[in-house]
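Read the structure below first, then the notes.
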Amino acid sequence: LLPVFPLLAIAPILLTRRHDRRLGILAVILGFAYAVCYQALDILAGIAAGALKLEGGQGVTTMYALADGIVVTGVWSYVAVTVLASALVIRHAGLRALPGAVIAVIAAVSFVDSHIFFPRGVITMLGLAIGWTWLALASCGSARRGRAAATRSGA
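Shown next, in the form of structure tokens:
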């Protein structure tokens, strides 16, 4: 699963870029921060700590502490890009996007300290899948009436 977790940043990046190209740059930066930091977590807490454990366990706690310190930036970047994308889809689609936004943001916040461990981590991943799917579907629909009228009038 090591190469899969950085891919969680794709949905918010694509949705943000769809609705605002300039904010899409911010989404790429936040998504990149998440991806790099989360990979560092997996490498340090997973691979390095596992190797140290095989060699007698000395230094495992240090590896976990290093990983925890790095991943904080990554997971909060993921929360930020989730909020950004959700807000833009709500601006585009209106209330029909709200349930997906709420689910995605709650799941992103849960991801801060749940990783993928059963049961909470699994529920968190399902929440992200449902939230992003809902937002993607809402994003594909036509713009809400007020926004469409403002766009036609040149506002």
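Residue numbers (this note's numbering): 2 to 156.
C-beta: ideal position from N, C-alpha, C; glycine also.
Check: Leu96 C-beta below 8 angstroms from any heavy atom of the ligand SAM: Because no ligand of any kind appears in the structure shown, any question about the ligand SAM cannot be addressed here.
Which of helix, strand or coil DSSP assigns to Gly142: coil
DSSP state of Ile117 mapped onto helix, strand, coil: coil
Three-state secondary structure assigned by DSSP to Pro4: coil
Three-state class that DSSP yields for Gln40 in the structure shown: helix
Glu56 versus Leu42 - alpha carbon distance: 20 angstroms
Three-state secondary structure (DSSP) of Asp69: helix
Gly95, DSSP secondary structure in three states: helix
Residue from Ala86, Ala46 and Thr74 whose Cα sits closest to the Cα of Thr134: Ala86
Sequence-distant residues of its chain with Cβ nearer than 6 angstroms to Gly132 (five each side left out): Gly101, Ile104, Ala105 and Ala108
Extent of the continuous alpha helix (DSSP H) run through Ile14: Ile11 to His20
CB of Val110 within 9 angstroms of CB of Gly75, strictly: no
Cβ-based neighbour list, Ala50, same chain, cut-off 7 angstroms, excluding 5 preceding and 5 following: Val61, Met64 and Tyr65
Contact set for His116: own chain, Cβ-Cβ below 8 angstroms, skip 5 residues either direction: Gly122
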